[in-house]
Amino acid sequence: MAERIIYELGSKGRRAVDLPELDVPGGNLDAILPAGARRRTVPMLPEVDELELIRHFVRLSALNHHVEKGFYPLGSCTMKANPPVNEVLASLPGFTGAHPLWPARLIQGSLRLMAELECMLAEICGLHAVTLQPAAGAHGELTGLMVVRAYHENRGNPRKRVIIPDSAHGTNPASASLVGYETVEIKSDPDGLVDLAALERVLDEDTAVFMLTNPNTLGLFERRICQIQKMVHAKGALLYMDGANMNALLGIVRPGDTGFDLVHLNLHKTFSTPHGGGGPGSGPLVVSKRLEPFLPVPRIACRQDGTYEWDWDRPQSIGKVMTWWGNFAVLVRAYAYIRALGGAGLAEVSEGAILNANYLLALVGDRFDLPYSGPCMHEFVLSGDRQKKRGIRTLDMAKRLLDKGVHAPTVYFPIIVSEGMMIEPTETESRESVESFARALLEVADEVEHDPDLVHGAPYTTPVSRLDETRAARQPDLAYKRRGA
Ligand SMILES: *Cc1c(COP(=O)(O)O)cnc(C)c1O
């Protein structure tokens with residue numbers, strides 16, 4: 008049956024709802040709405056019954072790929088399945104009904120949840136204090152770099168530079184620029200790790216902070232992290248961890264124990280908030296004791312009698328970085344997730360994520376180039392160079408995977424891998440689904456050899472085929488136009 012959109016369904020007079028009679032006092036709209044504010048033509052709305060309406064939304068919900076529909080190995084994004092029960096908890100009326108302007112005495116439960124979540128995140132990171140305000144990972148970075156700047160300023164010199172490895176997420180240099188720092192990029196060594204000699208060459212008394220992702224975006228653990236922290240601290244600089252990949256470390260390694268001074272986390276990757284589609288997210292910043300005075304206001308304080316209040320009296324704070332107190336519903340999900348799993352459960356999360364990634368790598372690794380060899384952590388990066396010699400690029404293979412009912416991996420990132428394909432299966436996938444994805448990827452590798460045109464023309468099964476992705480994002484044309492109009 009040909010797809011018809013809702014505007015083309017139904018017929019005049021059909022309704023999905025029964026509206027009550029107009030009961031505006033006086034019964035006269037003219038008296039309430041000035042003539043200029045009223046529309047002059049009848050709006051063109053679809054006239055459909057309830058069943059057609061429901062079918063419309065069910066069909067729409069199935070057009071896009073999502074993790075409830077299939078495998079979603081989008082590297083660096085941790086598209087794992089999130090426990091639905093946490094959605095229920097986040098929508099409890101006591102949480103959703105609270106107004107952010109209510110005084111602290113009326114929201115003691117919400118404040119306690121936030122205070123306890125701060126403690127749990129500090130413990131997970133092996134650090135001292137947390138702000139829950141930042142609304143995303145990049146926002147956590149920005150907040151972190153503002154804290155770094157305030158720390159150095161307080162010691163008499165804000166310093167000039169931020170050092171970032173070439174494997175870093177693009178948000179890292181962007182955050183550094185926003186805070187007024189120059190960025191210096193250092194190349195990775197042949198193993199894909201920080202090149203200590205390159206780091207030594209650029210580290211100096213003008214270095215404010217070294218921003219490192221661990222495990223890095225190649226899915227590799229920085230084994231020399233203890234040496235790195237000594238070198239950085241010897242120059243009076245700070246060590247920042249982009250903790251968006253914390254899914255690999257929970258309960259195994261605490262960043263603070265390896266010398267990091269501050270870390271941001273992505274609650275919408277690691278801690279049970281679904282993401283994609285633009286948010287809302289949460290990127291708490293976790294810092295060591297000496298950085299605590301600079302955290303955003305207000306902080307949550309616990310009084311002697313066990314009640315909570317907002318503490319605005321923080322003279323060295325960088326100020327506020329978010330309207331109200333952060334994306335609260337995301338915090339509820341993270342709290343519930345951590346409490347339900349406990350310490351041992353969190354460690355199992357990361358062990359499962361690492362095991363699944365290494366198993367998948369073992370199943371597919373020899374059919375692709377692997378520029379930085381394993382063992383990997385929670386994700387790995389293949390290169391499509393071998394297939395490119397046959398005229399098929401990574402983009403083609405990614406599109407072909409869509410026909411097999413899975414989401415494509417992250418492609419062309421990190422940019423130091425040519426024809427890169429970054430694959431993160433996550434811990435929530437079963438052995439069977441990891442194996443079935445491996446079969447799909449191997450099928451594509453076979454097709455590249457035997458029927459490259461097939462791969463080149465993909466996808467064949469999606470609602471739209473290849474788009475100009477930049478234009479689709481920047482100038483989307485979403486309004487319905489009547490056919491022929
Ligand atoms: C996702 C990610 C970010 C950015 O997080 P957002 O919430 O998208 O702003 C930063 N660094 C790394 C390594 C990431 O994977």
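Just so you know, we're using the numbering used here here: the sequence shown kicks off at 8 and counts up by one. The C-beta atom is built at its ideal place from N, Cα and C for all residues, glycine as well. It should be emphasised that the depicted structure is a prediction, and the values quoted were computed from it without experimental measurement.
Exposed unless 16 or more other CB atoms sit within 10 angstroms - verdict on histidine 106: It counts as exposed.
Please classify leucine 474 as buried or exposed, where buried requires at least 16 other C-beta atoms within 10 Å of its C-beta. The residue in question, leucine 474, is exposed, as its Cβ has fewer than 16 Cβ neighbours within 10 Å.
With H, G and I counted as helix, E and B as strand and the rest as coil, what does DSSP make of histidine 282? Of the three classes helix, strand and coil, the one that applies to histidine 282 here is coil, per DSSP.
Three-state secondary structure assigned by DSSP to histidine 240: Here histidine 240 sits in helix by DSSP.
Give me the residue from His414, Gly20 and Ala143 with the minimum Cα distance to glutamate 57. Between glutamate 57 and the set His414, Gly20 and Ala143, the nearest pair of CA atoms involves Gly20.
Give the C-beta separation of valine 418 and alanine 405 to the nearest angstrom, bearing in mind that I take them to be a contact with Cβ-Cβ under 8 Å. So it is a contact: roughly 5 Å between Cβ atoms.
Would a C-beta distance cut-off of 7 Å place phenylalanine 247 and leucine 269 closer than the cut-off? Before going on, a small fix: residue 247 reads as tyrosine here, not phenylalanine. Result yes, Cβ atoms of tyrosine 247 and leucine 269 sit closer than 7 Å.
Endpoints, beta strand (DSSP E) assigned at histidine 271: Histidine 271: member of the beta strand (DSSP E) spanning 269 to 272, first to last residue.
My output table needs one value for methionine 8: the three-state DSSP class, helix, strand or coil. Confidence at methionine 8 is low in this model, with a pLDDT of 44, below 50, so the placement of that residue should be treated as unreliable; the coordinate-derived value is given next. In the structure shown, methionine 8 sits in coil (DSSP, three-state: anything other than H, G, I, E or B).
Mapping DSSP to helix, strand and coil, what is serine 390? Look at serine 390 here: in three-state DSSP terms it is strand.
Return the residue from the list Phe420, Val356, Pro141 and Val55 that minimises the CA-CA distance to valine 24. With distances taken between CA atoms, valine 24 lies nearest to Val55 out of Phe420, Val356, Pro141 and Val55.
Straight-line gap, glutamate 358 to glycine 250 (C-alpha atoms, nearest Å): Distance from the CA of glutamate 358 to the CA of glycine 250, rounded to the nearest whole angstrom, comes to 17 Å.
I'd like to confirm something about aspartate 249: is its beta-carbon nearer than 6 Å to some heavy atom of ligand 1, or not? Result yes, Cβ under 6 Å from ligand 1.
Return the chain-ordered list of same chain residues with a C-beta closer than 6 Å to the C-beta of glycine 263, the five sequence neighbours on each side being excluded. Excluding residues within five positions, the ones whose Cβ falls inside 6 Å are Cys132, Gly133 and Leu134.
If you compare alpha carbons, which of Glu436, Phe420, Asn221 and Thr265 is closest to cysteine 383? Closest option to cysteine 383, Cα to Cα, is Asn221.
Rounded separation between alanine 447 and threonine 435 - CA only: Near 19 Å, if we compare the C-alpha coordinates of threonine 435 and alanine 447.
Alpha carbon to alpha carbon, how far is asparagine 237 from arginine 230? For the sequence presented, residue 237 should be read as lysine rather than asparagine. Computed Cα separation, rounded: 14 Å.
Based on the DSSP output, what are the partners of valine 169 in its beta bridges? For valine 169, which the question treats as bridged, DSSP gives the partners Thr190 and Val216.
Can you find the residues in the same chain that come closer than 8 Å, C-beta to C-beta, to proline 281, ignoring five residues on each side of it along the sequence? The answer, listed in chain order, is Val74, Asn89 and His275.
Continuous beta strand (DSSP E) stretch holding valine 294: start and end: For valine 294, the uninterrupted beta strand (DSSP E) run begins and ends at 292 to 294, by DSSP.
Could you tell me which uninterrupted alpha helix (DSSP H) segments, each at least 4 residues in length, are contained entirely in the region 117 to 163, listed from first to last along the chain? Listed in chain order, they are 144 to 161.
Give a single yes or no on whether glycine 144 has its beta carbon closer than 6 Å to a heavy atom of ligand 1. Because some heavy atom of ligand 1 lies under 6 Å away, the Cβ of glycine 144 counts as near it: yes.
Does DSSP classify arginine 321 as helix, strand or coil? Assignment of arginine 321 by DSSP, reduced to helix, strand and coil, places it in the coil class.
Between the region 134 to 144 and the region 298 to 316, do three or more beta carbon pairs fall short of 8 Å? When Cβ pairs closer than 8 Å are counted between the two stretches, the region 134 to 144 is seen to touch the region 298 to 316, the count reaching three or more.
What does the Cβ neighbour count give for tryptophan 332, buried or exposed, with the cut at 16 atoms within 10 Å? Buried: at least 16 other Cβ atoms inside 10 Å.
Under 8 Å by Cβ, that's how I've got threonine 178 and glutamate 130 pegged, so tell me the actual separation to the nearest angstrom. Actually they are not in contact, since the Cβ atoms of threonine 178 and glutamate 130 sit about 26 Å apart, beyond 8 Å.
Mapping the DSSP letters down to three states, classify alanine 175 as helix, strand or coil. Three-state DSSP puts alanine 175 in coil, outside helix and strand.
Assign histidine 457 to one of two classes, buried (16 or more other C-beta atoms within 10 Å of its C-beta) or exposed (fewer than that). It counts as exposed.
Residue nearest to proline 303 in terms of C-alpha spacing, selected from Ile423, Leu29, Gln140 and Cys126: Looking at the Cα atoms, Gln140 is the closest of the given residues.
With distance defined between alpha-carbon atoms, name the residue in His72, Glu123 and Lys76 nearest to alanine 308. The option with the nearest alpha carbon to alanine 308 is Glu123.
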